[in-house]
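So that you can map any letter, position 83 of the sequence shown is 82 in numbering that gives the first Met the number 0, and since no number is skipped, the others follow by simple counting. The structure appears below as structure tokens.
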Amino acid sequence: MRTHLEFVSPHFPPYDDEFETVNPNRYGKRLADFLAKELTADGFTIKNVIAEDWGWMVSLDNPKFTLWIGCGNYEEFDNGFLCFIEASTPFFANLFSKIDIEPAVEKLATAIESILLNSQKVTQLRWWNEDES
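What follows is the structure in structure tokens.
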């Protein structure tokens, strides 16, 4: 299952006040805002974009389980970024029936990849292998 996507782009620099919201040298709000807007245009419902200490969380409306995207700079590269998809099912829901998260995660991964590639704002786009995440 594709969950971690790295890429390089000079098009998502930090906002001037972003370092006051997240940890020092962490940013990604411009990327999170871009993805939220584009995913909405693709039919996804975005609940909100929230600051975290590591970067920014784009929370999606998903009735069966929690689904969100983490966006942040990735210091392995100049202008590097990492997006990761997090999906978690409620504990009690798993006791009574297995919720298959893979179709929703794969649909979101495909949308993110398509948005970034079609934007022509990114290079070196690469999904991590299972053992890298």
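Yeah, the Cβ is synthetic: ideal placement off N, Cα and C, and Gly gets one too. Source: prediction; values computed, not measured.
Checklist entry - Count the other CB atoms within 10 Å of the CB of R125; is the residue buried (16 or more) or exposed (fewer)? => result By the neighbour-count rule (16 or more Cβ atoms within 10 Å), R125 is not buried but exposed.
Item to check | Inter-stretch contact at 8 Å, needing at least 3 Cβ pairs: the region 14-28 / the region 97-117 | outcome: no
Item to check | Exposed unless 16 or more other CB atoms sit within 10 angstroms - verdict on S113 | outcome: Exposed, since its Cβ has fewer than 16 Cβ neighbours within 10 Å.
Item to check | Three-state secondary structure assigned by DSSP to V21 | outcome: coil
Next on the checklist: Taking its Cβ as the centre, do 16 or more other Cβ atoms sit within 10 Å of G42, making it buried, or is it exposed?
Outcome noted: exposed
Checklist entry - Which residues mark the beginning and the end of the alpha helix (DSSP H) in which E74 is found? => result That residue, E74, is in no alpha helix (DSSP H); it is neither H nor E in DSSP.
Checklist entry - Is DSSP giving R1 helix, strand or coil here? => result The three-state secondary structure of R1, taken from DSSP, is coil.
Next on the checklist: According to DSSP, is T39 part of a helix, a strand, or is it coil?
Outcome noted: helix
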